[in-house]
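Protein chains in written order, with our numbering: chain S, 51 to 434; chain X, -15 to 212.
Even glycine gets a Cβ: it sits at the ideal position worked out from N, Cα and C.
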Amino acid sequence: MVAIAIGLISLALTDSIYNGVIIQMFRDQVGTHVGHLQIHRRGFNENKVVQNWLPDPDAVERRLAADSLISHFAKRVIAFGIVSSASNSSGITLVGVEPERERLVTTIERSVSSGGYLQTGQRAILISRRMSEKLSVRLGDKLVVMATALDGTVGTDVFRICGLYETSSSEFDRMFVYIPLSYSQQLLGLGERVMEVTAVLRNPEDAYALRDRLAPVLGPEFEVLSFAELIPMMMQIITVAKQSMVIYYVIIGIATMFGIVNALLMSVFERTRELGILMATGMKNRNIVTMILMEAFFLSIIGTVIGLGIGIAISLLLAGPGINLSAFAEGLTMVGASSRIYPVVSLDGIINGLTVVPAIALIAALYPAVRAIRLEPVRAIHYV
Amino acid sequence: MELIRTEDLEKTYQDHTIPVYALRGVTFSVGSGEFLAIAGPSGSGKTTLLNLIGALDRPSSGNIYIENHSLRDLDKKSLSALRLNRIGFIFQAYNLIPVLTALENIEFKLMLLGVPTKERRERALRLMGELGIAGLADKRPNEMSGGQQQRVAVARAIVNLPQIVLADEPTANLDSVTAHALLDLMLAMNEERGITFVFSSHDRQVLEHAKRVVILHDGQIVEDNGKR
């Protein structure tokens, strides 16, 4: 029982930490930039060039505004370019945003750690702290942004740094810089054109249904992509994390199975004489098997409840302050995970623990039960 | 009326590669209501014979009949049912279940028979009262003397009124006064309730109480003072 409880403590903790990492990664990735749904010209996601501008964005906006599943949406310009300071330069993904609407769609405003967020009409640029270090610049310094314009020429403009942001993803911080939408359109010679509309939904799970509903309405010129298509790598990491949990369940299951087989075999061995008495009294094999299975079941239930209870309690205690994994920060931020993990107890994890372990215990108890009924009463009674 | 019949009963054990002949062609019968002792020196086959009659073990050859039903033809399940319904056992070492109280040990057989809780409790308590052990109801085996444990074992054996009670050296661990009292008790059960008792013993007191004595020697019957 102690072994089961220890196994379940570790299972509950691991499960809640995995959940915490997955939920945080998802929230960070979706919340920082991707949103739940994006609409582009067909082919833009594969080939992000300014020539793939979004046709008729007003019609798209009208359509989104009329949909009750959508909470907020915002237009963006996206382009690859170069940003240069006096001492260094870096390749970037330039994002032109409507500051007031963007703050409702993503968490970028809340990620600003120094200075301030973009203001509409302000010729300013928002970069990450990581990039400011690379470019050796500070708040208020000027940066030159260059990108290929719609007509094939190179658009150039100068912006003053209004703020520095920090997200949990080092890759994101290395690449993304923000300027107001109007300046990006001016820089790239786009006129009123934009590259995409990003939307957030009231319930993220509706993204697939909304994608399937909007795509035929908007027509073949458009591509409507849910977060799953926009961040396939992240979804794969989440899938792998979930599969790892399954493997962990299997390992705990096997350990539990061996523990229970061992405990019950010892129990059968120690109670050989009593089993002999029960057989002599006329107890049927079926009853003996039931007795041993029930013993395993209750043993596992008690162990599971205690283990899960302690595991959940520890997870909840850690959920407030989080677990500081800054020692592994570099590796974590590379995959878009924060260096502080906040465990999340899931109902699935509790149900899995409460069902899988007792079920395994019952299977594991079959062997000792068969051993018990194979005892010959006459030898069992005289067993010393 | 014939209750038990053995026919040319043989039991051989393998001690490594050497065969040990515990019973060699035992043929005898026991009538309903008998109070019979199987006597003989150690190693004569008394316990083996009781184990075979009680369906705890299977013979190497020969057969046993209980009310003309061949035990050889019964599967494990039927043998369990036979032990539960028709046979009660009393062992030399009492063999009470240590984690159960005296009352629970007695009740246990009735529970296996599906007797409702209230009824089985009443029956067990009534029997304990009759056997003079009502005060032991809540005691566990390790809190009782040998004589008390053996009385509880007798109660357990007869609580469901079996046809046969098989007692393997029931007085071996008891002092003579307690042994005498226990034998009187079993004799009363035999006379009042018509339960057939078959003992194995080499205790002179037991043999004096027995109405019939069968003597075994080297796995064979050498004397039977009441041959049917």
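Across the stretch 83 to 96 of chain X, CB contacts with chain S closer than 9 Å involve Val83, Phe92, Lys93, Leu96, in sequence order along the chain. Sorting S:Ala330, S:Leu315, S:Ala411 by C-alpha distance to the C-alpha of valine 420 of chain S places S:Leu315 at the top. Per the coordinates, the alpha-carbon of glycine 403 of chain S lies some 15 Å from the alpha-carbon of tyrosine 68 of chain S. Remark: fewer than three beta-carbon pairs, one from each stretch, lie closer than 8 Å, so the stretch 169 to 188 of chain X and the stretch 48 to 63 of chain X are not flagged as touching. For aspartate 59 of chain X, the nearest beta carbon of chain S is not closer than 8 Å to its own beta carbon. Straight-line measurement puts the Cα of valine 198 of chain X at about 35 Å from the Cα of alanine 422 of chain S.
At least 8 Å separates the CB of methionine 344 of chain S from every CB of chain X. Excluding its 5 nearest sequence neighbours in each direction, methionine 295 of chain S has C-beta neighbours in its own chain below 7 Å: Asp65, Tyr68, listed in chain order. Counting along the chain, lysine 30 of chain X sits inside the alpha helix (DSSP H) bounded by residues 30 to 37. The three-state reading of DSSP puts arginine 188 of chain S in coil, since its state is none of H, G, I, E or B. The DSSP-derived three-state label of aspartate 122 of chain X is coil. X:Glu153 is the residue among X:Val161, X:Glu153, X:Ser54 whose C-alpha sits nearest the C-alpha of histidine 186 of chain X. Secondary structure note for leucine 268 of chain S: its alpha helix (DSSP H) is the uninterrupted segment 257 to 268.
Between leucine -13 of chain X and chain S, the shortest Cβ-Cβ separation is not below 8 Å.
Nearest to leucine 425 of chain S by C-alpha distance, out of S:Leu367, S:Ile364, S:Thr322, is S:Thr322. With a cut-off of 8 Å on Cβ pairs, the stretch 87 to 95 of chain X is in contact with the stretch 134 to 153 of chain X, counting three or more such pairs. The Cβ of isoleucine 327 of chain S sits closer than 8 Å to at least one Cβ of chain X. Contacts between isoleucine 431 of chain S and chain X, judged by CB atoms closer than 8 Å, involve Leu40, Phe75, Asn79 in chain order. By the beta-carbon neighbour count (other beta carbons within 10 angstroms, threshold 16), isoleucine 72 of chain S is buried. Taken through DSSP and simplified to helix, strand or coil, tyrosine 167 of chain S comes out as coil. For lysine 102 of chain X, the secondary structure class from DSSP, reduced to helix, strand or coil, is helix. For glycine 303 of chain S, no beta strand (DSSP E) encloses it; the enclosing alpha helix (DSSP H) starts and ends at 282 to 320. In this structure, the alpha-carbon of aspartate 57 of chain X lies about 14 Å from that of glutamate 51 of chain X. Of S:Thr206, S:Pro230, S:Thr203, the smallest CA-CA separation from cysteine 212 of chain S is found for S:Pro230. When DSSP reads this structure, alanine 249 of chain S sits in a beta bridge with S:Leu87, S:Phe123. At a cut-off of 8 Å between beta carbons, alanine 156 of chain X makes no contact with chain S.
At a C-beta separation below 9 Å, serine 184 of chain X has no neighbours in chain S, since its nearest C-beta there lies roughly 14 Å away. If you draw a straight line from the Cα of arginine 135 of chain X to the Cα of valine 99 of chain X, it comes to about 22 Å.
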